[in-house]
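Participant:
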Amino acid sequence: MTMKLTGYSDRWSVRPGETMTFHVHSVAPTYRAQLVRLIHGDENPYGPGFKEIEVASALDGSHEGAPRTIRKGSYGVVAQAMPAGDFSIEVWIWSTLPGPGRQGIMVWTSGDTSAFGLFLGADGHLELGGEGVPVVRSLRALAPRQWYRATVAVSAGSVALSVTPKIWLPESGHSDRVEAKLAAPIASGDGRLLFAAGRLEETADGPSPREVFNGKLARPRILDAGGPTLAAWDFFQHAGKAMFAGVSGGADGRTVNRPARLMTGPGWPGATDSTMPLADTHDAIHFHDDDVADVGWPVSHDFVVPDDLPSGVYALRLTSDADEDYLPFFVCPPKTGGSPAPLAVLMPTMSYLAYANESLDVSDSVQVSPRQDMTITPERYAYVAENGLKSLYDNHRDGSGIAYGSRRRPIIDFRPKARCRTFDAPHQFAAD
117 MTMKLTGYSD
127 RWSVRPGETM
137 TFHVHSVAPT
147 YRAQLVRLIH
157 GDENPYGPGF
167 KEIEVASALD
177 GSHEGAPRTI
187 RKGSYGVVAQ
197 AMPAGDFSIE
207 VWIWSTLPGP
217 GRQGIMVWTS
227 GDTSAFGLFL
237 GADGHLELGG
247 EGVPVVRSLR
257 ALAPRQWYRA
267 TVAVSAGSVA
277 LSVTPKIWLP
287 ESGHSDRVEA
297 KLAAPIASGD
307 GRLLFAAGRL
317 EETADGPSPR
327 EVFNGKLARP
337 RILDAGGPTL
347 AAWDFFQHAG
357 KAMFAGVSGG
367 ADGRTVNRPA
377 RLMTGPGWPG
387 ATDSTMPLAD
397 THDAIHFHDD
407 DVADVGWPVS
417 HDFVVPDDLP
427 SGVYALRLTS
437 DADEDYLPFF
447 VCPPKTGGSP
457 APLAVLMPTM
467 SYLAYANESL
477 DVSDSVQVSP
487 RQDMTITPER
497 YAYVAENGLK
507 SLYDNHRDGS
517 GIAYGSRRRP
527 IIDFRPKARC
537 RTFDAPHQFA
547 AD
């Protein structure tokens with residue numbers, strides 16, 4: 117399900133003279149924009165009612181619209197060519213949600229297809245895949261949320277897959293090894309190596325990951341046939357950035373859509389509850405097929421805040437024959453000069469971001485939320501769920517908690533007129 121008209125701004129707070137951008141998705145070929153000052157956001161007839169004041173600006177009028185997609189799913193990418201001779205790859209794997217199709221773990225690409233790599237099959241078995249690669253599958257399925265070390269050995273005439281659990285458990289099984297002959301050399305690909313995705317598909321809005329892995333990966337490396345490491349990657353370093361460190365000859369890589377960093381890896385002993393991450397215990401990245409950071413839509417409007425625009429709460433109102441939406445923002449007073457307002461207001465934007473697109477389903481908790489109404493704007497909540505836009509109070513598809521929130525995406529409850537379905541009333545921004 118898609119929303120017919122929505123968007124976001126690159127900033128929430130601006131001052132006179134500063135520039136902000138708006139990014140709009142419109143199913144209709146045209147939409148209308150109008151700058152408004154928001155006075156009261158609740159439509160309850162027992163209160164003052166919804167109030168807004170139109171403000172003349174260069175944004176006002178009819179504009180061409182275009183539909184936009186959300187390229188959800190986190191992954192890593194690095195410029196790393198496949199070795200020309202015999203080699204092997206090694207990676208630690210902690211899977212959480214196999215299926216419905218295969219999921220890429222460590223894959224070289226060829227354009228928008230997979231050249232060669234390691235995948236998690238829909239049934240939980242590890243498998244090798246790529247153009248002309250024979251079907252090689254692990255003998256046992258990986259038990260969920262258990263660490264395994266996978267090794268793939270490539271020689272001139274064969275490929276072999278070995279899988280070893282970190283700890284032997286009945287559900288983990290013993291080590292296994294499978295091998296197959298090659299009828300032709302493996303395609304070398306285009307020099308792009310993906311972690312946690314099988315391929316990238318080009319769309320009008322940019323590359324979109326496909327066959328995204330759900331779970332944690334750690335300590336990937338490429339080795340020469342004789343044993344020396346050709347390239348490796350340290351997922352502990354640069355954890356606060358959208359990148360990861362290449363070591364032992366590996367190039368630095370980047371992460372997309374903000375996967376969870378500093379996660380416990382195969383070296384974590386489980387013997388402490390210390391929150392201080394260490395390089396040898398918190399060196400994993402948890403990827404999800406519903407991670408979203410900056411959705412990356414093109415700029416629809418640039419807006420330079422006029423010098424004479426009073427401080428307050430504003431929004432770009434979007435309307436079409438199909439729908440309506442508001443993109444709110446706050447105008448702060450200039451840092452120097454001007455006449456100060458008689459009253460200072462602090463807007464809790466961090467709280468707005470934490471609750472952004474909160475989608476708790478309380479239909480089974482009538483006693484806790486007797487005023488709940490799960491029928492409120494169902495198409496908007498469906499859009500949030502399908503596109504990985506949920507809040508820090510929700511869970512990913514694999515059941516893990518959502519760790520990050522982003523402004524640069526549609527946020528259905530950072531809107532005037534919005535009502536929280538948990539208690540059928542305005543909440544956060546709409547209530548403020």
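All residue numbers for the sequence shown refer to the numbering used here, where the first residue is 117 and numbers rise by one.
Beta carbons: idealized from backbone N, C-alpha and C, even for Gly.
This structure is a prediction, so every number in the text was calculated from the model and none was measured.
(1) Between Y264 and the rest of its own chain, which residues show a CB-CB distance below 6 Å, the 5 nearest in sequence each way excluded?
(2) How is the alpha helix (DSSP H) around T493 delimited, first residue to last?
(3) For D424, which of D405, G381, E440, P456 has the nearest alpha-carbon?
(4) Going by alpha carbons, who is nearest to Q353 out of S416, G273, R370, S274?
(5) DSSP on Y124, reduced to helix/strand/coil?
(6) Reducing DSSP to helix, strand and coil, say where A269 ends up.
(7) In whole angstroms, what is the alpha-carbon distance linking K120 and Y147?
(8) Quick check: what's the CA-CA separation for V500 versus P444?
(9) If I measure Cβ to Cβ from R187 and keep anything under 6 Å in the same chain, skipping five residues before and after, which residues do I get?
(10) Do we get a CB-CB distance below 8 Å when we pair D176 with the residues of chain C?
(11) Please confirm whether V207 and L310 have their CB atoms less than 8 Å apart.
(12) Quick one: what does DSSP say F352 is sitting in, helix, strand or coil?
(13) Please report the residue range of the beta strand (DSSP E) in which A470 lies.
(14) Secondary structure at Q150, three-state DSSP: helix, strand or coil?
(15) Straight-line CA distance for D540 to F232?
(16) In terms of DSSP beta bridges, what is R315 paired with?
(17) My understanding is that V152 touches V447, with C-beta atoms under 8 Å, so please give their C-beta distance in whole angstroms.
(18) Am I right that R374 and S190 are in contact with their C-beta atoms under 8 Å? What's the rounded C-beta distance?
(19) Restricting to runs no shorter than 3 residues, where is the beta strand (DSSP E) found entirely within the segment 206 to 267?
(20) First and last residue of the beta strand (DSSP E) that includes M136?
(21) Considering only their Cβ atoms, is the gap separating L236 from R218 smaller than 8 Å?
(22) Where does E502 fall in DSSP's three states?
(23) Would you call the segment 429 to 441 and the segment 387 to 405 touching, i.e. three or more CB-CB distances under 8 Å?
(24) What are the partner residues of A541, as DSSP defines its beta bridges?
(25) Contact defined as beta carbons within less than 8 Å: I believe S427 pairs with Q544. What is the distance between those atoms, to the nearest angstrom?
(26) At a cut of 8 Å, does the segment 313 to 328 reach the segment 396 to 415 through at least three beta carbon pairs?
(27) Going by the beta-carbon positions, is the gap between V429 and G133 smaller than 8 Å?
(28) Return yes when the Cβ of L476 is within less than 8 Å of the Cβ of G521, no when it is not.
(29) Would R335 and A347 be called neighbours here (beta carbons separated by less than 8 Å)?
(30) What residue does the beta strand (DSSP E) around F445 start on, and which one ends it?
(31) For D239 and N330, what's the separation of their Cα atoms in angstroms?
Facilitator: Per the coordinate set shown:
(1) To locate residue 264, count along the sequence shown from 1; it is residue 148. The answer, listed in chain order, is I209, L258, V279, P281.
(2) By one-based count along the sequence shown, residue 493 stands at place 377. Premise fails: T493 is in no alpha helix (DSSP H) and is neither H nor E.
(3) Numbered from 1 along the sequence shown, position 308 holds the residue referred to as residue 424. Of the candidates D405, G381, E440, P456, the one whose C-alpha sits nearest the C-alpha of D424 is P456.
(4) The count along the sequence shown starts at 1 and reaches residue 353 at position 237. Of the listed residues, the one whose Cα sits closest to Q353 is R370.
(5) Here the question's residue 124 lines up with position 8 in the sequence shown. Strand, per DSSP.
(6) Taking the first residue of the sequence shown as 1, we reach residue 269 at position 153. Strand at A269.
(7) Here residue 120 is taken as the residue at index 4 of the sequence shown, counted from 1. Here residue 147 is taken as the residue at index 31 of the sequence shown, counted from 1. Each residue's CA atom was taken as its position, placing K120 and Y147 some 11 Å apart.
(8) Start at 1 with the first residue of the sequence shown, and residue 500 comes out as number 384. Start at 1 with the first residue of the sequence shown, and residue 444 comes out as number 328. Computed Cα separation, rounded: 18 Å.
(9) Counted from its first residue, the sequence shown places residue 187 at position 71. Hits under 6 Å: S324.
(10) Considering every chain present, this structure includes no chain C. It has just one protein chain.
(11) Reading the sequence shown from its first residue, position 91 is the one you call residue 207. Reading the sequence shown from its first residue, position 194 is the one you call residue 310. Not a contact, by the Cβ cut-off of 8 Å.
(12) Taking the sequence shown and counting its residues from 1, one reaches residue 352 at position 236. Secondary structure of F352 (DSSP, three-state): coil.
(13) Counting from 1 along the sequence shown, the entry for residue 470 is found at position 354. Here A470 belongs to no beta strand (DSSP E); instead the alpha helix (DSSP H) covers 465 to 470.
(14) The sequence position of residue 150 within the sequence shown is 34, counting from 1. Note: Q150 maps to strand in three-state DSSP.
(15) Counted from its first residue, the sequence shown places residue 540 at position 424. Counted from its first residue, the sequence shown places residue 232 at position 116. If I take the Cα positions, the gap works out to 51 Å.
(16) Position 199 of the sequence shown, counted from the first residue, corresponds to residue 315. Answer by DSSP bridge pairing, in chain order: R326.
(17) One-based indexing of the sequence shown puts residue 152 at position 36. One-based indexing of the sequence shown puts residue 447 at position 331. Not quite, the Cβ-Cβ distance comes to about 12 Å (not below 8 Å), so this is no contact.
(18) Along the sequence shown, one-based indexing puts residue 374 at 258. Along the sequence shown, one-based indexing puts residue 190 at 74. Rounded, the Cβ-Cβ distance is 6 Å, consistent with contact.
(19) 219 to 226, 229 to 236, 241 to 246, 252 to 257
(20) Numbered from 1 along the sequence shown, position 20 holds the residue referred to as residue 136. Unbroken beta strand (DSSP E) run through M136: 135 to 142.
(21) Here the question's residue 218 lines up with position 102 in the sequence shown. Here the question's residue 236 lines up with position 120 in the sequence shown. Cβ distance < 8 Å, so R218 and L236 count as in contact.
(22) Residue 502 sits at position 386 when you count from the first residue of the sequence shown. Taken through DSSP and simplified to helix, strand or coil, E502 comes out as helix.
(23) no
(24) Taking the first residue of the sequence shown as 1, we reach residue 541 at position 425. The bridge partners DSSP lists for A541 are C536.
(25) Indexing the sequence shown from 1 puts residue 427 at position 311. Indexing the sequence shown from 1 puts residue 544 at position 428. That pair is no contact at about 21 Å.
(26) yes
(27) Here residue 429 corresponds to residue number 313 of the sequence shown, with the count starting at 1. Here residue 133 corresponds to residue number 17 of the sequence shown, with the count starting at 1. No.
(28) The sequence position of residue 521 within the sequence shown is 405, counting from 1. The sequence position of residue 476 within the sequence shown is 360, counting from 1. Not in contact: G521 and L476 (Cβ atoms no closer than 8 Å).
(29) Position 219 of the sequence shown, counted from the start, is the residue given in the question as residue 335. Position 231 of the sequence shown, counted from the start, is the residue given in the question as residue 347. It is not a contact, given that the beta carbons lie outside the stated cut-off.
(30) Taking the sequence shown and counting its residues from 1, the one referred to as residue 445 is at position 329. Run containing F445: 440 to 447, per the beta strand (DSSP E) assignment.
(31) Counted from its first residue, the sequence shown places residue 239 at position 123. Counted from its first residue, the sequence shown places residue 330 at position 214. If I take the Cα positions, the gap works out to 13 Å.
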